[in-house]
Amino acid sequence: MKTSHMDSAAFTSLLHWQSSIDRWVELASLLPVLILLEFILSTDNAIALAAIAKRQVDPLQERRALDIGIVTSLLLRIALILTAQWILKFQALQLVAGLYLLFLAADHWLSPGLDENRKIQHSNESSSRIRSFPVTVLIIAATDLAFSIDSIAAAVAVSDQLILIITGACVGVFALRFTAALFIRWLDKYPRLESSGYIAVGFVGLKLIIQLLVYPFALPEWLVPALIIPLFIWGFSIRRKLASEEG
Numbered sequence: 078m079k080t081s082h083m084d085s086a087a088f089t090s091l092l093h094w095q096s097s098i099d100r101w102v103e104l105a106s107l108l109p110v111l112i113l114l115e116f117i118l119s120t121d122n123a124i125a126l127a128a129i130a131k132r133q134v135d136p137l138q139e140r141r142a143l144d145i146g147i148v149t150s151l152l153l154r155i156a157l158i159l160t161a162q163w164i165l166k167f168q169a170l171q172l173v174a175g176l177y178l179l180f181l182a183a184d185h186w187l188s189p190g191l192d193e194n195r196k197i198q199h200s201n202e203s204s205s206r207i208r209s210f211p212v213t214v215l216i217i218a219a220t221d222l223a224f225s226i227d228s229i230a231a232a233v234a235v236s237d238q239l240i241l242i243i244t245g246a247c248v249g250v251f252a253l254r255f256t257a258a259l260f261i262r263w264l265d266k267y268p269r270l271e272s273s274g275y276i277a278v279g280f281v282g283l284k285l286i287i288q289l290l291v292y293p294f295a296l297p298e299w300l301v302p303a304l305i306i307p308l309f310i311w312g313f314s315i316r317r318k319l320a321s322e323e324g
């Protein structure tokens, strides 16, 4: 009887060990999907963050604002993931995020002197409305958090493994920091890029609000990349020669 009990305990332990292995295999297989999802959904986010960071005159301040703002947002993302099953039920949060993104897009397009010709000829001047460093950091963190509501909701729909989702969010944020740094340089070269990014920002905000109004029906996830691709083509359609490239 004692031997039988030991065999049963060993078998239970073996099943638990096998279950743990299967769980980590599942995590490993889903991680690339979530990272790709984070990357696709954060491309327009990167343009917006780059444009916000460029309100700082000093390039060093631009990088610091991005670093501090994105780290702050990462902590907020993790908190949102850990409380997703409760927080995401509050429709007011999604409404505020959507309205905030629409406000960012409207602020860009309704600002004085932002017509197309002026943007092409004077991109630096049109995007140089200076903000204080703390305000820039707060806006970067708030903007990334507003974007993350959509991506976190999509990630939670794919898997209920918190470790997996947090890992994907961390990798996505680091990729976002790298991509935003690239866009900071590209905004000077491609005068339409900032506007294309803010069109995408407005679309994401509108998408959040529409999904809230027509719940439980959700807009297809392919709609975001389907819009971003032609926007990027338009955004990169005109290249301005920089002073450093002349001569």
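Numbering (our numbering), first residue to last: 78 to 324. Where is the CB? At the ideal position from N, CA and C, for every residue including glycine. Nothing here was measured: the structure is a model prediction, and the numbers come from that model.
1. When you compare the CB positions of Q133 and R254, do they come within less than 9 Å of one another, or not?
2. Hey, does G175 have any beta-carbon neighbour from chain B nearer than 9 Å?
3. How close, in whole Å, do the beta carbons of F210 and Q288 come, if the pair is a contact with beta carbons under 8 Å?
4. Identify which residue in S150, G249, I155 has its Cα closest to the Cα of L239.
5. If we call anything under 9 Å between Cβ atoms a contact, is L126 one with F251?
6. Once the 5 residues before and after V281 are set aside, which same chain residues still bring their CB inside 6 Å of it?
7. Going by C-alpha to C-alpha distance, which of L304, I216, S188 sits closest to A150?
Well, looking at it:
1. By one-based count along the sequence shown, residue 133 stands at place 56. By one-based count along the sequence shown, residue 254 stands at place 177. No, the Cβ-Cβ distance between Q133 and R254 is not below 9 Å.
2. No chain B appears in this structure, which consists of one protein chain only.
3. Within the sequence shown, the letter at position 133 stands for residue 210. Within the sequence shown, the letter at position 211 stands for residue 288. Between Q288 and F210 the Cβ distance is about 34 Å, and since that is not below 8 Å, they are no contact.
4. Counting from one through the sequence shown, the residue named residue 239 turns up at place 162. It is I155 whose Cα lies nearest to the Cα of L239.
5. Translated into positions along the sequence shown, residue 126 becomes position 49. Translated into positions along the sequence shown, residue 251 becomes position 174. In this structure, F251 does not lie closer than 9 Å to L126 by Cβ.
6. Counting from 1 along the sequence shown, the entry for residue 281 is found at position 204. Non-local beta-carbon contacts of V281 in its own chain, meaning distances under 6 Å to residues more than five positions away in sequence, involve L178 in chain order.
7. Position 73 of the sequence shown, counted from the start, is the residue given in the question as residue 150. Checking the sequence, you will find Ser at residue 150 rather than Ala. Ranked by Cα distance from S150, the options L304, I216, S188 are led by I216.
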